[in-house]
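Structure, as structure tokens:
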Amino acid sequence: MISFLKEFKMTDLTKGGELKALFVFALPIFLGNLFEQLYNITDTVIVGNLLGAEALAAVGSSTQILALTISVSTGMSIGASVIISQLYGAKRNQNMKEVVDTNIIFISLFSFFLMVLGLLYSPVLLEHLNVPASLLSDADAYLQTILLDVIFIKFFTYGVVGAALATVLAQVFSFIVCLRYMYRYYPKLAPNLLHLKWKVSVLKTSLAIGLPAMLQQIFISLGFLVIQFLVNGFGANAIAAYTAASKVDAFAEMPAINLGQALMNFTAQNKGAGEQKRIAKGGRSALIITLGISIAISGLIYSFAPHFIAIFNRQKAIVQIGEGYLRIVSIFYFVFGAMQVLNGLLLGYGKSLLPLIASVTTFCLLQVPLAVCLSHTKLGFNGIWLAAPFGWFAGFLMRLIYFTNISKHIERKE
7 MISFLKEFKM TDLTKGGELK ALFVFALPIF LGNLFEQLYN ITDTVIVGNL LGAEALAAVG
67 SSTQILALTI SVSTGMSIGA SVIISQLYGA KRNQNMKEVV DTNIIFISLF SFFLMVLGLL
127 YSPVLLEHLN VPASLLSDAD AYLQTILLDV IFIKFFTYGV VGAALATVLA QVFSFIVCLR
187 YMYRYYPKLA PNLLHLKWKV SVLKTSLAIG LPAMLQQIFI SLGFLVIQFL VNGFGANAIA
247 AYTAASKVDA FAEMPAINLG QALMNFTAQN KGAGEQKRIA KGGRSALIIT LGISIAISGL
307 IYSFAPHFIA IFNRQKAIVQ IGEGYLRIVS IFYFVFGAMQ VLNGLLLGYG KSLLPLIASV
367 TTFCLLQVPL AVCLSHTKLG FNGIWLAAPF GWFAGFLMRL IYFTNISKHI ERKE
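Taking this note's numbering, the leading residue of the sequence shown gets 7, the next gets one more, and so forth.
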């Protein structure tokens, strides 16, 4: 594993062809997320097939609470990535380790605080999420504990708790592999976990970019908690279908998100190096690739939607509900992809406040209220799925307007 990863060394995105640079940088990101998504999907498939629809619904009903806690580290990692990329582009390699150390300390402390809150209040949170009473016990067990799934679930008969234990062990293994890789190939950048150095000035800089990104992730997670609340009101079959369909949906959106992340680092490095024209060329290349991939994935998901849901659970009602979800959202993946490209450009420039404002406005103030309204019409749960494309369109337009203004400002400076 380590010898394979050796091929993907730190890439200088300020040199060579823009398309090649983006592809080379995006490939390891894509592979890493691919394995993570495959694990998540496999985890859900095993629960749905070995334990049944109710267990699948129980796991799904707690997913958004986990996503809310993870959003803190996700947001801060975005801030750290942008700063490290800008330092690398400016050839200030000696400052990068300070960013790594400081962010590890902050994220670890904050994550411990969230863990304590989760252990204390998870039953209360699940009750407020409108989780059906029959699912509460399993959902709480999964929330408190979070190839291993089969061992814990089937042979040790740990049920939903087994799925959570397997998830935790897999994450620990992933952390160890990442550390080993850094120590072996980037010893100057790798953190010394026994002698981490905290630097207030670095934390302030990280928070300047990371805090808006963190708040963006938190607001999105809170919005999805409302969505989960609405879905929970339609019963166990709807929850199970939503759980399965959202896994497929996340897998389908992954290439666009990964290209957006690659473009973020591409933009940050070239901003640090003062290569504005190269950023524009990279943005165009990323947009063309993303739109092409998104359209291809849309056709695939739309055509085989019922088959994808049946992988998780074959109950007819669950397959029908999940099929409706996928066929509604898959048509608009090209809009989601274009939005991710603009997001990558803005974050790479260090303009993380606008994505926060756009996310809060379009998701929390448009998509979620629209989902609430439509779910109380004859559309039912289909109204929840229909709200998503409206949020994507609005989010894309807001980012496009802001990025156009930034581009004009940069051109005037030059």
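Just so it is clear, CB atoms sit at the ideal spot from N, CA and C, and this is done for glycine as well. Since the model is a prediction, treat every value here as computed from it, not as a measurement.
Using only the alpha-carbon positions, how far apart do Ile226 and Ile76 sit? 12 Å
For Val78, three-class secondary structure by DSSP: helix
What did DSSP end up calling Tyr355 once you bin it into helix, strand or coil? coil
Along the chain, where does the alpha helix (DSSP H) containing Thr273 start, and where does it finish? Ala242 to Gly278
Indicate the three-state DSSP secondary structure (helix, strand or coil) for Asn319 in the structure shown. coil
Pairwise C-alpha distance: Met82 and His253: Note on identity: in this sequence residue 253 is Lys, with His being the wrong assignment. So the alpha carbons of these two residues sit roughly 24 Å apart.
Cα separation between Phe314 and Met260? 16 Å
Out of Ile90, His201, Ala258 and Gly23, state which residue places its alpha-carbon closest to the alpha-carbon of Ile303. Ala258
Taking only the alpha-carbon atoms, compute the straight-line gap between Ser300 and Gln346 and give it to the nearest angstrom. 11 Å
Is the Cβ-Cβ distance between Ala364 and Leu293 less than 8 Å? no
Using 10 angstroms around the beta-carbon of Gln92, count the other beta-carbons present and answer buried if the total reaches 16, otherwise exposed. buried
Report the three-state DSSP secondary structure of Tyr192 (helix, strand or coil). coil
Span of the alpha helix (DSSP H) holding Lys287? Gln282 to Ser309
State the Cα-Cα distance for the pair Leu199 and Thr108, rounded to the nearest angstrom. 11 Å
Taking buried to mean at least 16 other C-beta atoms within 10 Å of its own C-beta, is Ser207 buried or exposed? exposed
Between the stretch 319-338 and the stretch 239-252, do three or more beta carbon pairs fall short of 8 Å? yes
By the DSSP assignment, the alpha helix (DSSP H) with Asn238 in it spans what residues? Val206 to Asn238
Given 8 Å, three or more beta-carbon pairs between the stretch 116-128 and the stretch 388-405: no
Where do the ends of the alpha helix (DSSP H) carrying Ala96 lie? From DSSP, Ala96 is part of no alpha helix (DSSP H); its letter is neither H nor E.
Beta-carbon proximity list for Lys397, same chain, < 6 Å, skipping 5 on both sides: The sequence shown places Gly at residue 397, rather than the Lys named in the question. Once the five neighbours on either side are set aside, the close Cβ partners of Gly397 are Thr368, Phe369, Leu372 and Gln373.
By the 10 Å Cβ neighbour count, where 16 or more other Cβ atoms means buried, how is Asn411 classified, buried or exposed? exposed
Quick check on Phe118: buried or exposed, where buried means 16 or more other Cβ atoms within 10 Å of its Cβ? exposed
Suppose contacts are defined by Cβ-Cβ distances below 8 Å. Is Ala86 in contact with Ser212 by that definition? yes
Closest residue to Leu297 among Leu348, Ala250, Phe240 and Arg405 (Cα-Cα distance): Leu348
Give me the residue from Gly305, Ile324, Gly356 and Leu353 with the minimum Cα distance to Ser336. Gly305
Considering Pro375, what are the terminal residues of the alpha helix (DSSP H) in which it resides? Val374 to Ser381
Are Gly356 and Gly266 close, meaning C-beta to C-beta below 8 Å? no
Rounded to whole angstroms, what's the CA-CA distance from Met1 to Pro197? Just pull it up for me. No statement about residue 1 is possible, as the shown extent of the chain runs from 7 to 420 and does not include it.
Three-way DSSP call (helix, strand, coil) for Phe29 in this model: helix
Stretch pair the stretch 277-294 + the stretch 20-39: three plus CB contacts closer than 8 Å: yes
Determine the direct distance from the alpha carbon of Val78 to that of Leu184, and round the result to whole angstroms. A quick correction: the sequence has Cys, not Leu, at residue 184. The alpha-carbon atoms of Cys184 and Val78 are separated by roughly 20 Å.
Quick test of your reading: Ile285 and Val88, contact by CB under 8 Å. State the CB separation rounded to the nearest angstrom. With a Cβ gap of about 14 Å, Ile285 and Val88 do not count as contacting.
Using 10 angstroms around the beta-carbon of Ile224, count the other beta-carbons present and answer buried if the total reaches 16, otherwise exposed. buried
How would you label Ile157, buried or exposed, when you count the other beta carbons within 10 angstroms and need 16 or more for buried? The predicted position of Ile157 is uncertain, since its pLDDT is 42 and thus under 50; a value taken from the coordinates is nonetheless stated next. With fewer than 16 other Cβ atoms within 10 Å, it is exposed.
Just how far apart, CA to CA, sit Val105 and Leu231? 32 Å
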